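These notes concern the structure reproduced below.
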Amino acid sequence: MTLPENEVAPEGQKNSKVMNSRERFLTALRGGQPDRVPLFEYHFGPPFIEAVLGKPTSYYHNVDDEVAVARAVGLDMVWTAPLGFMGFANIQLHGERYQDEWGIWWGTNANAWPAGWPEGEVVKNRASWRKLRIPDPDLPIRIEQPRRAVELAGGELAVVGGVRGPFSSVWMLAGMVNIGMWIYDDPDLLNDMLREMAHWNARVGLNMIRAGVDAIVIHDDWGMNQATFIKPADWRRFVLPHIAEQVEILASTGTPVILHSDGNLNAILDDIVQLKIAALNPLQRSAQMDLADIKAKYGDRLCLIGNLNTTTTLVHGTPEGVERETLECLRDGAPGGGYIFAPDHSYHSGIPVANIWRALETAKKYGVYPLDMGAIQARIAMLQTASNG
2 MTLPENEVAP
12 EGQKNSKVMN
22 SRERFLTALR
32 GGQPDRVPLF
42 EYHFGPPFIE
52 AVLGKPTSYY
62 HNVDDEVAVA
72 RAVGLDMVWT
82 APLGFMGFAN
92 IQLHGERYQD
102 EWGIWWGTNA
112 NAWPAGWPEG
122 EVVKNRASWR
132 KLRIPDPDLP
142 IRIEQPRRAV
152 ELAGGELAVV
162 GGVRGPFSSV
172 WMLAGMVNIG
182 MWIYDDPDLL
192 NDMLREMAHW
202 NARVGLNMIR
212 AGVDAIVIHD
222 DWGMNQATFI
232 KPADWRRFVL
242 PHIAEQVEIL
252 ASTGTPVILH
262 SDGNLNAILD
272 DIVQLKIAAL
282 NPLQRSAQMD
292 LADIKAKYGD
302 RLCLIGNLNT
312 TTTLVHGTPE
322 GVERETLECL
332 RDGAPGGGYI
342 FAPDHSYHSG
352 IPVANIWRAL
362 ETAKKYGVYP
372 LDMGAIQARI
382 AMLQTASNG
């Protein structure tokens, strides 16, 4: 269910048409310039959802609330995950520990929402990998939430379906220590697992595409704040072939594919842009991902999504500081189109509600095309002067 090409502006050109959210999002995702910079988010933290809706929200399988919040705050899309998305409980969570269908035990608490952390390894060696019972990717129940999101969006909001990538899936099954050991001790096992996870998640993604989602995002974290988790050469040897295959399978349908990977990816950006992805997210500012530099180098090849700092600015900053950094994101990423505003992780529960509102309101006010760069620069300077006392 992708937007016909005659409904979007060509890359880098102005589109003066007043768009609905779905049109706006897909235009930017294809590298074009919509009527204003689209707004993107995966999961707001429960405090913000409850502040907007005036009622408690279910922590899992809550697509009705997610769509309602997206409409209320002016997001241009809604994110949805299938049943079996690693890290999410398969049923409504009660307590602080649960086991998923892969056999992984997860710890969780309110601060970890929406995903927990794996406790122990399901796969420890080749024998336990052979014994692992791979869940059926084609279970109809997996796409109930994505199908519901498409129904509720009604062609007005873009619907983005999320799947895991091969590296993060193996990480959750086996742990980072085993990955590091297998690079040297059992590379065939590591490749076998990465291949299986890429294929499994591609199958789930294809089913979501058939259910009508407008784009797919592959969640596959590769970096920490300083560098990639494994050496770039090892990433190219082991991860790149399998993520490339997963992307190829999904992109071959004509559906835009977004890559989400936290951390410092500077050492592998040249490789990432060779993938058949439409966009890269979240451009983690706290991990030395410089939006202006990435825009200059790769902005003609990728839509860029994110870069508002969720580690310091949104958590500890003032609303004025949040506004200034939001304007910097627009200044550095939005010229010419091909940029979607978002945090560099998510609007999580540790962020004051007032700061989230300030970011969203600022992006909507100053993100209208054609951009008034003079007004953006002047406002940044004024806020900087005020913060200096």
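Residue numbers (the working numbering): 2 to 390. Beta carbons are placed, not taken as given, at the ideal position from N, Cα and C, and that holds for glycine. Owing to the predicted nature of the structure, the values given are computational and were not obtained by experimental measurement.
Rounded separation between tyrosine 348 and alanine 212 - CA only: 27 Å
Per-residue DSSP class, three states only, for alanine 280: strand
Going by Cα to Cα distance, which pick from Val160, Gly224, Ile244 is closest to valine 214? Val160
Exposed or buried, which one is glutamate 24 when buried takes at least 16 other CB atoms within 10 Å? buried
Sequence-distant residues of the same chain with beta carbon closer than 6 Å to leucine 260, five excluded per side: Ile219, Ile278, Leu281
Would you grab the beta carbon distance between alanine 288 and glycine 390 for me? Rounded to a whole angstrom, and I think it's under 8 Å. In fact, because the Cβ distance is near 30 Å, the residues do not count as touching under 8 Å.
Check threonine 311 in the structure and name its three-state DSSP category. coil
Using 8 Å for Cβ pairs, my map puts glycine 334 next to asparagine 308. What's the rounded Cβ distance? The Cβ separation is near 7 Å, so the contact holds.
Find out if the Cβ-Cβ distance for the pair glycine 368, leucine 331 is shorter than 8 Å. yes
Going by other Cβ atoms of all chains shown within 10 Å of its Cβ, with 16 needed for buried, is serine 388 buried or exposed? With fewer than 16 neighbouring CB atoms inside 10 Å of its own CB, serine 388 falls in the exposed class.
Assign glycine 300 to buried or exposed, taking buried as 16 or more other Cβ atoms, counted over all protein chains shown, within 10 Å of its Cβ. buried
Quick check: isoleucine 135 and tryptophan 183, are their CB atoms within less than 8 Å of each other? In this structure, tryptophan 183 does not lie closer than 8 Å to isoleucine 135 by Cβ.
Can you give me the Cβ contacts of proline 48 inside the same chain, cut-off strictly under 7 Å, excluding the 5 residues immediately before and after it? Ser350, Val354
Proximity to glutamate 97 [Cα-Cα], best of Val205, Arg37, Gln34, Trp118: Among Val205, Arg37, Gln34, Trp118, the Cα nearest to that of glutamate 97 is on Trp118.
Could you tell me the boundaries of the alpha helix (DSSP H) in which threonine 363 lies? 354 to 367
Contact check, proline 336 vs isoleucine 306 under 8 Å by CB: the rounded distance? Between isoleucine 306 and proline 336 the Cβ distance is about 15 Å, and since that is not below 8 Å, they are no contact.
Can you check whether the CB of valine 53 is closer than 8 Å to the CB of threonine 81? no
Own chain residues within Cβ distance below 6 Å of glutamate 12, not counting five before or after: At glutamate 12, the pLDDT of 43 sits below 50, so the modelled position is not reliable and the matter cannot be decided from this model.
Evaluate the contact criterion for the stretch 143 to 160 versus the stretch 125 to 133: three or more CB pairs, one atom per stretch, below 8 Å. No, because fewer than three Cβ pairs between the stretch 143 to 160 and the stretch 125 to 133 fall closer than 8 Å, the two stretches do not touch.
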